[in-house]
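Inspection log for the structure reproduced underneath, given as structure tokens.
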Amino acid sequence: MMKYQVVVLRQLKGFGQFVTESRDEANTYEFGEGDERPIIFGEKLKAVERRTIMRKVREVLHVNCWLTTHKKGGDGGISGLCMSCPACVLFGGTYAPKKGGGAGPKNVVEMRRAFYTCAFPFQGGGIRDVTFNAVDERTGQTGQALGTNQIIEPRDFIDVVTVEADNENWTKLLLWGIEHSDRYGANTRIYGEIHNEVLGVVVDTRLRIAAIDLARKGSGEGVKTHLAADKLDLKAMSCPDSEIDGIITDLAKDEAVQDLARRKNSVDASVDEYFTKTAEKLHLKPAMTKKNNKDVFTDRTPGERLAFLTSKEKRSHYDLAREIEKANFAEPQDEEEEEEVK
Ligand SMILES: [Zn+2]
Numbered sequence: 001m002m003k004y005q006v007v008v009l010r011q012l013k014g015f016g017q018f019v020t021e022s023r024d025e026a027n028t029y030e031f032g033e034g035d036e037r038p039i040i041f042g043e044k045l046k047a048v049e050r051r052t053i054m055r056k057v058r059e060v061l062h063v064n065c066w067l068t069t070h071k072k073g074g075d076g077g078i079s080g081l082c083m084s085c086p087a088c089v090l091f092g093g094t095y096a097p098k099k100g101g102g103a104g105p106k107n108v109v110e111m112r113r114a115f116y117t118c119a120f121p122f123q124g125g126g127i128r129d130v131t132f133n134a135v136d137e138r139t140g141q142t143g144q145a146l147g148t149n150q151i152i153e154p155r156d157f158i159d160v161v162t163v164e165a166d167n168e169n170w171t172k173l174l175l176w177g178i179e180h181s182d183r184y185g186a187n188t189r190i191y192g193e194i195h196n197e198v199l200g201v202v203v204d205t206r207l208r209i210a211a212i213d214l215a216r217k218g219s220g221e222g223v224k225t226h227l228a229a230d231k232l233d234l235k236a237m238s239c240p241d242s243e244i245d246g247i248i249t250d251l252a253k254d255e256a257v258q259d260l261a262r263r264k265n266s267v268d269a270s271v272d273e274y275f276t277k278t279a280e281k282l283h284l285k286p287a288m289t290k291k292n293n294k295d296v297f298t299d300r301t302p303g304e305r306l307a308f309l310t311s312k313e314k315r316s317h318y319d320l321a322r323e324i325e326k327a328n329f330a331e332p333q334d335e336e337e338e339e340e341v342k
């Protein structure tokens, strides 16, 4: 597998609020004596870009794939993922059937292929405290200060996002998502407009560059000069709107997607209710056997059930995943999609 290191110039236009849950302070890193710089954690960037890509994948493939964050009390887990589409292969995730299963596997956990670290700015300082106040709705007068938030001033950040893949299309999918995302952090109605520019991609069998080092090169131009001097080929790569639908359609047939879909389907097929409804939808009649005077399915294991469900028309596992979805799940409400990412 190759490592595609995508070098992204992220230009913050206006102020940004990038805080960690339960803290209102900007995250910083000290590059040197008196050189403290505000940073943006990769998780904040990833969450936005994943949503951008998922929207497009839903539009092109009509998959029932949603990202719902459990905000409180949980393990920071996510649910609603289809675990059988290109976005799920790229970003990974977990999947468990909503209904309890039988003896078969209970969930699918997938490693991701896109790796984010952190975006670092070329310069230090630029952190401001702003107080927010309660406004009296009747008089319009500003009341008592409620607290302070730290925001950061407009500036350029450099970032390196790595994709591990054996097919350039995975990188193109991520690249499209990066170029079509533009609001990040908390309070995106006011803050966090970022214009992303992909400077190029370094392709190698191992990691060659890191954003923390590139941030010392002063500017996007400085980064390019440095990479050229180090004989690192910054390959131009793009994914125009005219290509993205075709790329997503192609990736849906990729072996990585088929394999993930097969494992996810075997989890669903092990749940009797899902198995029954899907068979019904496909106009198949599962064979029954008597066991201890009870009617049970002849096909017991997930493997046997998958073979049965895919037998007719030699259905692919990706296609079977879509049929299982249509037979068993309703589309979630739109507000889950609109949930604010902090
Ligand atoms: Zn998915």
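Taking my numbering as reference, the numbering of the sequence shown is continuous, increasing by one, and the terminal residue is 342.
Beta carbons: idealized from backbone N, C-alpha and C, even for Gly.
In this structure, what does DSSP give as the bridge partners for residue i?
i, result
"K235", "V201"
"C118", "F41"
"Y184", "Y184 is not bridged to any residue."
"A165", "M2"
"H62", "None, per the DSSP bridge assignment."
"K294", "K291"
"V19", "A26"
"G147", "F132"
"R113", "Bridge partners of R113: none, in fact."
"L9", "I158 and E197"
"E36", "E30"
"I152", "G16 and I127"
Report the three-state DSSP secondary structure of residue i (helix, strand or coil).
i, result
"T310", "helix"
"M54", "helix"
"F31", "strand"
"K281", "helix"
"R305", "helix"
"F275", "helix"
"N107", "coil"
"D319", "helix"
"C88", "helix"
"A330", "coil"
If we ignore side chains and look at the alpha-carbon of each, how far apart do residue i and residue j end up?
i, j, result
"A47", "L67", "9 Å"
"R51", "A186", "15 Å"
"R305", "L251", "26 Å"
"A96", "C85", "16 Å"
"S266", "V89", "17 Å"
"E30", "F120", "11 Å"
"R55", "D319", "19 Å"
"G92", "R112", "4 Å"
"R315", "R322", "11 Å"
"T310", "P286", "12 Å"
"D182", "V19", "17 Å"
"K281", "A307", "16 Å"
Need the endpoints of the alpha helix (DSSP H) that residue i sits in, please.
i, result
"V223", "G220 to A229"
"D213", "A211 to L214"
"V267", "E255 to A269"
Identify the continuous beta strand (DSSP E) that holds residue i and give its terminal residues.
i, result
"G93", "G93 to Y95"
"E243", "Premise fails: E243 lies in the alpha helix (DSSP H), D241 to L251, not in any beta strand (DSSP E)."
Quick check: is any heavy atom of ligand 3 less than 7 Å from the C-beta of residue i?
i, result
"M111", "This structure simply doesn't include ligand 3; it includes ligand 1 instead."
For the 8 Å Cβ check, are there 3 or more pairs between the segment 28 to 45 and the segment 123 to 135?
yes
Would the segment 159 to 174 count as touching the segment 13 to 20 if we require 3 or more Cβ pairs under 8 Å?
no
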